[in-house]
Structures are given as C-alpha cells and as structure tokens.
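Taken in sequence, the protein lines are chains A and B.
5 is the number of the first residue of the first sequence in this note's numbering; add one for each residue after it.
5 is the number of the first residue of the second sequence in this note's numbering; add one for each residue after it.
Think of the CB as a built atom: it goes at the ideal place given N, C-alpha and C, for glycine as much as any other residue.
Computed from a prediction, not measured in an experiment: that's the story for all the values here.
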Amino acid sequence: MGEDQSLRRLALVGNPNCGKTTLFNALTGLRQKVGNYPGVTVEKKEGRFAVGATEAVVIDLPGVYSLSARSLDERITRDVVLGRQAGTDPPEAILAIADASNLERNLYLVTQVLELGRPVWLALNMMDVADAKGLTLDLERLSQALGVPVLPIVASKGAGLAALRRQLAAPLPPAPIRRWRLPQVIETEVAALAQRLRASRWADGAAAEGEAIRLLLNDAAEDDPPQPPDIQIAIKTARERLEALGIEWWAAEAEGRYGWIQTICQSVIRQPEQFQRTTSDRIDAVVTHRLWGPLLFAGLMLFIFQSIFAWAQAPMDAIGWIIDQLSAATRRALPSGALSDLMADGVLAGAGAVIAFLPQILILTFFIALLEDTGYMARAAFIMDRLMRRVGLSGKSFIPLLSSFACAIPGITATRTIENAKDRLVTILIAPLMSCSARLPVYALMIGAFFPPNQRLWGFLSTAGAMLFAMYALGIVAAIAVGWLFKKTLIRGASPPLIMELPPYRVPSPRAVLLTMLSAGGQFLYRAGTIILAISIVLWFLATYPRQVALSRDYAAERSAIAETVQRGQATEDAAAAQLRTLERLEKAERREKSFIGQAGKLIEPLIAPLGFNWKIGVGVISAFAAREVFVGTLAIIYGVGDDEEASGGRALQAALQADRYPNGQPVFSPLVAVSVMVFFVLAMQCMSTLAVVRRETNGWRWPAAMLAYMTVLAYVGSLLVYQGGRWLGFGN
Amino acid sequence: MTLDALEIGATGRVERVRGDRAIVQRLQEMGLTTGVTVKAIRVAPLGDPLEVELRGYRLSLRKDEAAAVEISAL
C-alpha cells in the first residue's frame, strides 16, 4: 500500500450479485492480497493488474445496495472511497460495476457513487444476460445521461476486458456532477449543510453535496467518528424545518434518485412487451415449492454429506500411503533415536493424520461454493426465514450459518450484512455451533472406525452418511435453540425485517468455484503446517518424556529371555519376533501412560469418565481446544500410530482405536463412545481463531468468553446425556 | 390496499410506504418508491416471506413489511 505513488488506485464498487468479484478476479488473476480492515472482519481485498505500460491497484469493496451506511459493509465502502478508512490510501477514481440485466436498481448505488467527487467509470456487466432477456441498451445515451464513460463487459467470459483496461489506462475522466434535483426546499437545506461541511472540513469540496444529502436525509446514518456537534444540530434543525412544512424528508432521497433513474432507463433501455418465463422461474417453481422445496433442501444436504465420504476415500488412502512411505523413509534415513522418533511419531503421525482429511475439506468447500455461486443460498434463506423468525432471527442470519459449515470465520464475516446489531451478535454467537470443516476429521475418524461403510439404514442410506448428517443436524438444532434462548434473555429484541434480493440462478463459474476450493485447501494446509505441526511436536514431547520412569515389568530382561529361547531352539524365529513386537507395544503403551501427558490425562479422567472418555480421549479433547483437527493428530501420537508398520495411514489409527482395551478387557471405544465424542465436538468451542475473530468483532473479551463458557457447558452436558442415556437404553458400554 | 394482500400473479402500483423510518428507507432503496409497479410472484413454502418483482428484479420481504406498503391495484 502506498509503496508506489505512480500506480493508479481504483476502488471497485457495485451491488451484490452483479459480478463484482468475477470482474476483480478476471482483472487481477491470482495477484490478490487479502486482509482485514482494522477493527472489523470486513475483508480487504486488493489486487494488481496491468493498465497500458504501468500497473493499477484495485480495491475490491463489499457488495452493497446503497452508501447510506446503515450496515457495516456500507460504512466501510463509503469510508474507503472517501479516504476515511485508516490504513487505506484513498482511491483516485472509482470503477463502478452494474448488472446490465438489472440496470434500474443497480443504478441507484451508481447515482450515489457519482456524487463522491471522484472520476468514475461504469462497467456494465452481464451484457449477455441482458441480451438473452431481450433488452437493448443505448450505451452512448447512458454515458451522456450519467456523465461518465460506460463500458460493456461480460466478466465471466472475459469479453470487453481489453477495452476496459485501455480505458483505465487513459487519462482520468473529469469527476461527474449531480444531475438530479430534490424538491426546492430540500435543495436549499442541502446547500446550506454542504456549505457547513466544507467549512468544517468534514467533506472536501466536490463530495460535500453528496455527503450533505446522505447526512440530512438518512435516518440511521451512524458515523464513525460521529460528526461535530454543530453539524448534528444543523441536521436536526433542518429536519425540523422540513417536517414543519409537512415534508417526509426520509423518503426524499430514494424518490429523487429513482425518479431520475426511471427517466434515464426509459430513454436507454428497450425491452420486449412481455417477458417470457425465464429458466430461473422454472427452477424456482420447484426449489421454493411448498413440498418439493424443503424436501430438496434436506435431500441436497444429505447428498453432500454422503459424497464427502464416498468420494474422499481413495484420495485419503493415497495421502495416508504417502505419509507412511515418508515415515518409513525417515526411519531409514535417520539413526534411530529421539530425532527419528520425533519426525515419525510426532511430525508425520500428528500433522500427517490431519492432512489426510484435505480431500474431504475440498469436497465440502466445493459444494458450498457451488450453492453460493448458483444463487441457491438466497433461496435457502427464503425457505428458512419463517423458522428463523420463530427464533427471533431472520432468513438473512441463515446464510452466515450455512457458510459456517465450511468455517465459522467466514460465517462470522458474513454477518456484517445484518443491519441490526443485536441480531448480528446472536448470529455470531451461534455460528460456531454449525459443524465446520475442522470437525469433519473428527467425525470421519469416529464414524469410519465404528460405523462400517457397508452397513445400510432402510436399505439405501449408509449408516455412516446418516450418522454424519445427524451430527450436522444436531449443530443446527443446538444453534436454533441457543439463539432462541439468547433472544429471550440476554439479547432481547424484535425480529428483524427481511428485505433480500433473490438473484436469478446462474451457471456457476468453474474458475470461481476452483478459486474458493484452492483458498480453503490452502488455509487448511497452512494451519496443518503451523499450529497443528507445533502442537504435534509439543504433544510428542509430552507423550515421550520423562524417559526414566518406574515400569511395571523389566522389559529389557524379558527381551533377552525371548532371545535366549530362540538360541536354545525352544521357539521359532517367527514366534519370537511376534512376541517381541507385542512386548514393544506394551512397553510403549506403558511409557505413554506414565509420560507427562499420561499423568495429566489420568488427572482429569474422573471428570470425563461420565462422558465415556478415557484419559487418551481426554488429552485429545483438551489439545483440540487449540484447533479441532488436532484431536486426530493427538490420538495418532498417543496411540503411537507412526511406528505401526502393519496397517497404513488413517486405517492404522482406526484399527488402534478399535483394539484399545481397559485393564479389565472391556473395549475403550464403542459406537456409543464414538457418538459421545462427536457430540462433544459438535457443541464445544474449540477454535482459537474463532474466539479471536469474535473478540475483534465485538470489541472485547466479554462475548468470546461467554461463547467459550456456554459452549463448553453445552458440550459436557450434551455428551453426558448421550453417554449415560445411551447406557441406560442399553447401547453398549 | 397493501402489498401483502396482492394476489399471486397480480400487479399493483406503490402509493406510499409507511412505518419505521429505517425500514422505509431500506425498502425504498431497494426500489419500492411511489409509482413503481410491483408484481406478486410467490409465497415461501412456510407461508412467509413473499417474493415480488419490481424494476426487473426479484425481492423477498415479509408480510409484515409488505403490509406497510400501500398500493393501488392495476
């Protein structure tokens, strides 16, 4: 930022669903830098691309319908464009983008952008969709009416981008001037307020008038920082004067802008008399159908969870095989000793066990990106709104919750479109109950080990798929219940309104879906390579030391005794080798039990025994408070899977879990214990990153602390009920 | 007559939007201003919200909000 003053800085502004991100990706490719604006989770995306002989930096701003700054997204967009956002250099010019097939409403934001006092280009996207709709647009006339250059593009196909780049390289066009009028009395007030804004340097010359309109005529224009007192008073008295004349000032801006837009559209757009029923409508007749809609939604979810298991098995086995080969190669390459053990049993077993779940993460992200890209997400919100409303939320809260299936962090980010602060807070608090992809490795391990894939429920559903679906469903039910409780007690408030665009269905762009998958996969691997790797190493040390402990048997003596039996010919070499292996396993197990981690685990065992957890599961659960996936790696280290040469990869850990016994010979794990473990993971807040994001979003530790507390209690009680209830009903130990 | 009472498939002309100012402004920004033509498209499976067409696009809003939009039948 700011490193090269000669670069042209542009801000990309447009409505949601107008193809803004597609254009951003098409212009910049992978040359993007993603960060956050300080203090908020609104994503800050900057990219570079070539314009003529030099380069331009383009800032991708959140999709918004208006700059009235009623939501966080709108405020950020306005502040960045006006150069008020700390740490972001103001853009020289604005590239506005509008959906040509939905021009009238898209122009509303454009008319506001024209009043920011900066040069503007208007890119008209989706010219092909407008064409298919039978619309003819007179671009020359549109450009003249708005007073800015207009460029037709089809961002998804790259059409018109060369011409757009050429335009962006040309000298800046002049900043447009406002060409529509409010009723005269209001104009007088606007002029007076603009004068005052200029005098107090609240807004610079050209932008002052637009800013005056926004401040005067918007009811909830909450500013950060707030305006100086004299301006606040000026606004209040001006409104009172208007009200005394019987003028509904709050309706004036939209009436005025749309009035102008309508005049423009009438002269620019020629449309057929009668629209034919579109494909989108035919799809919606099924998707939002009374009966088929909800059924399709449930079926779709079930299908996604089934495919996560069905499609991921082969690549997962392949990754497991590669890790085994690496582990064996490490043992060959390094002299046996602590370093070789650390590499094989700590690093490769711990982080490797987690990386094996990459295919499942990719499949889940693929489906979520697909649902978002096609426009199905908005329909899900449309279908679910009635239910969400019962809870005191709106269908809009449903979209962040659905995204939280991938990860709660983007889900919490998505709550920024919720205008009401209380509803936003409740949605943030329940978002982590949605089963994110980091829980998937835990579910997959437990289900894979204790619910055989060939077992069927009612002949067609695999028990494994149904079990996974049940875990996701439990998260949803818990989120709804907790949300309802919060709205009834701590965070009371009326149900928020739902005012939401239903965009037409679109064929998803493979490129966009691929980019989303790559980015999710990259983040997962990054976590595996950093946090999870670090935790794996620490855990390995804790599970290996102290070395000098009092053992229950003299293993060394027993080993030499076995060797002697072979020498005396009392036992075959094969039998002796088997005996040695068993002995070695027993020794390792005992050493782990007496290690630091074993001692700690034993300490907490009484607390977790009522949940059906032994000390090993307990250690796994506690280490997973850093990040959920760590659970799998921890178990791999505690069970010493890295040195098992008989079974491979993920299957080795499954086999180890199945084989584990209490001293009395009873199996440690049963399907019931597996369910209890999963229920704990559904409900527990085990993610440092989420807590950090919530802290940033809510400006303090109060809400993240509350989140950690309520979810931990919920998880403990949930597991307790499942395990004790299950035993009472006679489902195994 | 108000927008929530508009029959599916029928069209109306917006006369006035009443109610809470923040909601009025949001509805207006989305295009529900005086004189605009609105068509009722469908009702969500559970009976609420509604889907309407205006200015060439589709908007979803609850019956409560729709009840604040006064229309005249066309």
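CB-CB under 7 angstroms to residue 517/A, same chain, minus the five flanking residues each way: which ones, in chain order? Locating residue 517/A in the first sequence gives position 513, where the first residue counts as 1. Here the set comprises 370, 373, 374 and 377.
Is it a yes or a no for the stretch 399-413 of chain A touching the stretch 492-508 of chain A, going by three-plus beta-carbon pairs under 8 angstroms? yes
With DSSP run on the structure shown, which of helix, strand or coil describes residue 523/A? By one-based count along the first sequence, residue 523/A stands at place 519. Correct three-state label for residue 523/A: helix.
Is there at least one Cβ from chain A nearer than 8 angstroms to residue 27/B's Cβ? The residue you call residue 27/B lines up with position 23 of the second sequence. By this cut-off, residue 27/B is an interface position.
Under 8 angstroms Cβ to Cβ from residue 699/A, same chain only, skipping five residues before and after it: list those, please. Here residue 699/A refers to the residue found at position 695 of the first sequence. So the qualifying residues of the chain are 705, 707 and 708.
Compare the C-beta of residue 5/B against all C-beta atoms of chain A and say whether one is closer than 8 angstroms. Position 1 of the second sequence, counted from the first residue, corresponds to residue 5/B. No, no contact with chain A.
Give the range of the beta strand (DSSP E) segment to which residue 713/A is assigned. The residue labelled residue 713/A in the question sits at position 709 within the first sequence. Here residue 713/A belongs to no beta strand (DSSP E); instead the alpha helix (DSSP H) covers 706-732.
Whole-angstrom C-beta distance between residue 181/A and residue 209/A, which should lie under 8 angstroms: Within the first sequence, numbered from 1, the residue matching residue 209/A stands at position 205. Within the first sequence, numbered from 1, the residue matching residue 181/A stands at position 177. Between residue 181/A and residue 209/A the Cβ distance is about 12 angstroms, and since that is not below 8 angstroms, they are no contact.
Just the chain A side, please: which residues come within less than 7 angstroms of residue 38/B by C-beta, in chain order? In the second sequence, residue 38/B corresponds to position 34, counting from 1. What residue 38/B touches in chain A: 259.
Whose Cβ in chain D lies nearer than 9 angstroms to the Cβ of residue 64/B? Included in the structure are the protein chains A and B, with no chain D among them.
I want to verify the contact list: residues of chain B whose CB lies under 8 angstroms from the CB of residue 419/A, in sequence order. Within the first sequence, residue 419/A is the residue found at index 415, counting from 1. By Cβ distance, chain B contributes nothing, its closest Cβ being about 17 angstroms from residue 419/A, past 8 angstroms.
Just by C-beta distance, which residues in the stretch 106-135 of chain A are closer than 8 angstroms to chain B? 106, 107, 108, 109 and 112
Supposed contact pair residue 445/A and residue 683/A - C-beta distance, whole angstroms, cut 8 angstroms: Locating residue 683/A in the first sequence gives position 679, counting from the first residue. Locating residue 445/A in the first sequence gives position 441, counting from the first residue. At roughly 16 angstroms, the Cβ-Cβ gap does not stay under 8 angstroms, so residue 683/A and residue 445/A are not in contact.
The stretch 420-434 of chain A in contact with the stretch 625-632 of chain A per 3-pair CB rule at 8 angstroms: no
Please state if the CB of residue 486/A and the CB of residue 437/A are separated by a distance shorter than 8 angstroms. Here residue 437/A refers to the residue found at position 433 when the first sequence is read from its first residue. Here residue 486/A refers to the residue found at position 482 when the first sequence is read from its first residue. In contact: residue 437/A and residue 486/A (Cβ atoms closer than 8 angstroms).
Counterpart residues of residue 125/A in DSSP-defined beta bridges: Mapped onto the first sequence, residue 125/A falls at position 121. Answer is 99/A.
Determine the contact status of residue 300/A and residue 290/A, defining contact as a CB-CB distance below 8 angstroms. Locating residue 300/A in the first sequence gives position 296, where the first residue counts as 1. Locating residue 290/A in the first sequence gives position 286, where the first residue counts as 1. Cβ distance < 8 angstroms, so residue 300/A and residue 290/A count as in contact.
Examine the Cβ distances between the stretch 116-128 of chain A and the stretch 172-191 of chain A and report whether three or more of them are shorter than 8 angstroms. yes
Whole-Å CB distance - residue 338/A paired with residue 352/A, under 8 angstroms assumed: Position 334 of the first sequence, counted from the first residue, corresponds to residue 338/A. Position 348 of the first sequence, counted from the first residue, corresponds to residue 352/A. The pair is not a contact, with the Cβ atoms about 12 angstroms apart (cut-off 8 angstroms).
Straight-line CA distance for residue 110/A to residue 212/A? If you number the first sequence from 1, residue 110/A lands on position 106. If you number the first sequence from 1, residue 212/A lands on position 208. About 23 angstroms.
Could you tell me whether any Cβ in chain B is nearer than 8 angstroms to the Cβ of residue 292/A? Numbered from 1 along the first sequence, position 288 holds the residue referred to as residue 292/A. Cβ-Cβ to chain B under 8 angstroms: yes for residue 292/A.
Interface residues of chain B facing residue 298/A [CB-CB closer than 9 angstroms]: For the purposes of this step, residue 298/A is taken as the residue at position 294 of the first sequence. Near residue 298/A (Cβ distances below 9 angstroms), the residues of chain B are 49 and 50.
Do three or more CB pairs link the stretch 707-725 of chain A to the stretch 24-39 of chain B at distances below 8 angstroms? no
Mind reading off the beta-carbon distance from residue 497/A to residue 426/A? Whole number of angstroms is fine, and I expect it under 8 angstroms. Along the first sequence, one-based indexing puts residue 497/A at 493. Along the first sequence, one-based indexing puts residue 426/A at 422. The Cβ separation is near 4 angstroms, so the contact holds.
Below 8 angstroms on the Cβ atoms is my guess for residue 695/A versus residue 712/A; work out the distance and round it to an integer in Å. Indexing the first sequence from 1 puts residue 695/A at position 691. Indexing the first sequence from 1 puts residue 712/A at position 708. Contact flag correct, Cβ pair sits at about 6 angstroms.
With DSSP collapsed to three states, give me the class of residue 440/A. The residue you call residue 440/A lines up with position 436 of the first sequence. Coil at residue 440/A, not helix or strand.
Spatial neighbours of residue 66/B within its chain, please: C-beta separation below 7 angstroms, excluding the five flanking residues on both sides. Walking along the second sequence from the start, residue 66/B turns up at place 62. Same-chain partners within the cutoff: 52 and 53.
In chain order, each alpha helix (DSSP H) run of at least 4 residues that lies wholly inside the stretch 327-370 of chain A: 342-345 and 356-359
Should residue 97/A be listed as close to the ligand HEM, given that the test is whether its C-beta is under 7 angstroms from any heavy atom? Ligands displayed in this structure: none; no statement on the ligand HEM is therefore possible.
Is the separation between the beta-carbon of residue 99/A and that of residue 14/A shorter than 8 angstroms? Here residue 99/A refers to the residue found at position 95 when the first sequence is read from its first residue. Here residue 14/A refers to the residue found at position 10 when the first sequence is read from its first residue. Yes, they are a contact pair.
Inspect the beta-carbon positions of residue 52/A and residue 32/A and report whether they are closer than 8 angstroms. One-based indexing of the first sequence puts residue 52/A at position 48. One-based indexing of the first sequence puts residue 32/A at position 28. Yes. Within cutoff.
Do you know whose CA, among 440/A, 173/A, 306/A and 19/A, lies nearest residue 59/A's CA? Residue numbering aside, residue 59/A sits at position 55 when the first sequence is read from its first letter. The residue with the shortest Cα to Cα distance from residue 59/A is 173/A.
Less than 8 angstroms between the C-beta atoms of residue 645/A and residue 680/A, yes or no? Taking the first sequence and counting its residues from 1, the one referred to as residue 645/A is at position 641. Taking the first sequence and counting its residues from 1, the one referred to as residue 680/A is at position 676. Against a cut-off of 8 angstroms, the Cβ pair of residue 680/A and residue 645/A comes out as no contact.
Determine the contact status of residue 475/A and residue 441/A, defining contact as a CB-CB distance below 8 angstroms. As a working note, residue 475/A is residue 471 in the first sequence. As a working note, residue 441/A is residue 437 in the first sequence. Their beta carbons are not under 8 angstroms apart, which means residue 475/A does not touch residue 441/A by this criterion.
Can you pull out the residues from the stretch 697-719 of chain A whose beta carbon lies closer than 7 angstroms to at least one beta carbon of chain B? none
Where the alpha helix (DSSP H) containing residue 693/A begins and where it ends: For the purposes of this step, residue 693/A is taken as residue 689 along the first sequence, with counting starting at 1. First-last of the alpha helix (DSSP H) with residue 693/A: 692-702.
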